[in-house]
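The listed protein sequences correspond, in order, to chains D and P. In this text, residue positions in the first sequence follow the UniProt record's numbering: the first is 1, and each later residue adds one. In this text, residue positions in the second sequence follow the UniProt record's numbering: the first is 1, and each later residue adds one. Think of the CB as a built atom: it goes at the ideal place given N, C-alpha and C, for glycine as much as any other residue. This report refers to the structure that appears directly beneath it.
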Amino acid sequence: MGSTDIYSIQRRVRRTYELARLRRALMGILPVILVTGVAAFVATRPTAPLVFGLVTAFAGAMMLWHGKDPQKAFLPGVIAGLVPLGLALGAGALHTCGAGSCSYVCVPACVLGGVVAGFAVAGVSLQRRAGVWFWVSASGLALLTGAMGCACMGSAGVIGMGLGFGAGIVPGLLRRVFGKETR
Amino acid sequence: MNVRLDSELDALMARLADGDRGAFTRVFELLWEPIQTLCRNLLKNEADAADAGQDAMHKILERASDFDRTRPAMPWALAIAGWECRTLARRRERRREEDEASMPSQAGPHAEEVFLQRDLTAAAMAALGELSDVDREVLVATFWDEAASVSGPTLRKRRERALDRLRKTFRSLYGLD
Chain D
1 MGSTDIYSIQ
11 RRVRRTYELA
21 RLRRALMGIL
31 PVILVTGVAA
41 FVATRPTAPL
51 VFGLVTAFAG
61 AMMLWHGKDP
71 QKAFLPGVIA
81 GLVPLGLALG
91 AGALHTCGAG
101 SCSYVCVPAC
111 VLGGVVAGFA
121 VAGVSLQRRA
131 GVWFWVSASG
141 LALLTGAMGC
151 ACMGSAGVIG
161 MGLGFGAGIV
171 PGLLRRVFGK
181 ETR
Chain P
1 MNVRLDSELD
11 ALMARLADGD
21 RGAFTRVFEL
31 LWEPIQTLCR
41 NLLKNEADAA
51 DAGQDAMHKI
61 LERASDFDRT
71 RPAMPWALAI
81 AGWECRTLAR
91 RRERRREEDE
101 ASMPSQAGPH
111 AEEVFLQRDL
121 TAAAMAALGE
131 LSDVDREVLV
141 ATFWDEAASV
151 SGPTLRKRRE
161 RALDRLRKTF
171 RSLYGLD
């Protein structure tokens with residue numbers, strides 16, 4: 001068999017490998033789709049959870065397909081993001097009052113959820129001695145997952161969660177940098 | 001394959017399972033030859049071995065992401081290749097059996113005669129369909145040795161004419177002029 005034949009076989013086999021990874025990735029994001037469905041059902045305005053859920057699912061699929069650090073960051077990212085999502089949806093479900101009253105309770109819930117998610121992502125990253133891409137991927141996915149809940153109160157909820165997340169992750173980041181310097 | 005290459009393959013398969021595409025080409029190179037050799041030995045046929053080998057490579061790399069890094073890669077890959085060879089051999093065997101079952105006359109010593117006769121009968125029926133009702137009746141009656149509506153010299157003349165027409169029709173239908 002000629003080298004050209006082997007090269008074309010190799011290309012076909014490579015395509016099979018990529019397709020298999022894509023299939024696995026699409027199976028892997030099923031929990032995200034389920035969470036999106038629940039969030040859209042619970043939220044008073046389902047558009048925001050649906051949009052952020054779609055973006056989360058797409059980003060998650062890309063991470064799982066790509067592999068390496070982003071793939072490993074998928075589960076910690078989604079689980080960390082469930083905290084602000086759950087808190088935001090819970091706070092929203094408790095109130096039937098006007099928009100002002102809801103945002104008053106829900107924004108703090110999002111900030112608190114963001115702090116917890118930030119701590120969680122930093123903790124897992126430090127524990128695994130993960131690389132930069134793990135931190136970036138897990139943080140991105142946690143923020144997107146949390147935004148499904150926090151966005152229904154407008155941009156204030158998402159910004160609050162982002163600030164909380166930043167606050168939560170800073171100690172871990174400093175520890176990482178400090179740890180590197182001492183080594 | 002030596003121990004060094006085996007451990008290299010294990011490490012590369014683990015990287016590939018993690019999504020490190022940089023390991024792909026070397027994994028392919030390390031697997032290609034042993035799998036082709038195994039398939040050639042099992043199937044004793046160059047073309048079948050090539051087919052089974054390629055199928056095996058597809059299956060192995062399709063499952064690369066599920067590779068269990070606690071186990072050695074080469075036996076795992078060869079097991080998949082062996083299974084592919086067995087599947088292909090079984091498929092070929094089944095197809096051969098089906099072919100034989102669908103054309104039993106082909107296996108017999110008079111297969112060609114039977115085919116010719118079948119073609120000839122079909123052609124005769126087509127030619128007969130071109131004749132008039134009277135001619136057809138006369139010829140059928142002759143064939144079955146039945147009494148037609150007429151007898152004696154009239155029947156003989158009609159039979160000759162019908163046969164003549166049938167011959168002409170047959171020739172013109174099948175280009176034997």
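Where the alpha helix (DSSP H) containing residue i begins and where it ends
i, result
"residue 179 of chain P", "Chain P is shown only over 1 to 177; residue 179 of chain P falls outside these bounds and no answer can be derived."
"P:N45", "Here P:N45 belongs to no alpha helix (DSSP H), and DSSP marks it neither H nor E."
"D:F134", "132 to 150"
"D:P46", "Where D:P46 is concerned, there is no enclosing alpha helix (DSSP H), given that its DSSP letter is neither H nor E."
"P:R15", "3 to 17"
"P:D68", "Looking at the DSSP string, P:D68 is not in any alpha helix (DSSP H), and its letter there is neither H nor E."
"P:A89", "73 to 102"
Buried versus exposed call for residue i [16 or more other C-beta atoms within 10 Å across all chains shown]
i, result
"P:R96", "exposed"
"D:R21", "buried"
"P:E93", "exposed"
"P:E84", "buried"
"D:R175", "exposed"
"P:K44", "exposed"
"D:P76", "buried"
"P:V3", "exposed"
"D:V132", "exposed"
"D:F119", "buried"
"P:I80", "buried"
"P:P153", "exposed"
"P:V140", "exposed"
"D:G179", "exposed"
"D:C145", "In the sequence on display, residue 145 of chain D carries Thr and not Cys. Buried, since its Cβ has 16 or more Cβ neighbours within 10 Å."
"D:G92", "buried"
"P:L38", "buried"
"P:S7", "exposed"
The stretch 67 to 75 of chain D / the stretch 41 to 58 of chain D touching (three or more Cβ pairs under 8 Å): no
Inter-stretch contact at 8 Å, needing at least 3 Cβ pairs: the stretch 77 to 91 of chain D / the stretch 33 to 49 of chain P: no
Under 7 Å (Cβ pairs) to chain P, residues found in the stretch 18 to 37 of chain D: A20, R21, R24
Three CB pairs or more closer than 8 Å across the stretch 29 to 40 of chain D and the stretch 63 to 81 of chain P: no
Contact the stretch 51 to 58 of chain P vs the stretch 3 to 15 of chain P: 3+ CB pairs below 8 Å: no
The stretch 153 to 172 of chain D / the stretch 109 to 121 of chain D touching (three or more Cβ pairs under 8 Å): yes
Contact set between the stretch 67 to 81 of chain D and chain P, restricted to residues whose Cβ is under 7 Å from the partner: G67, K68, Q71
Members of the stretch 3 to 22 of chain P near chain D, C-beta cut-off 7 Å: D18, G19, D20
Residues, ordered as in the chain, of the stretch 61 to 94 of chain P that lie near chain D by beta-carbon distance below 9 Å: L61, E62, R63, A64, S65, D66
The stretch 123 to 132 of chain D touching the stretch 147 to 162 of chain D, judged by at least three CB pairs closer than 8 Å: no
Interface positions of the stretch 115 to 137 of chain D facing chain P (Cβ-Cβ less than 7 Å), listed along the chain: none
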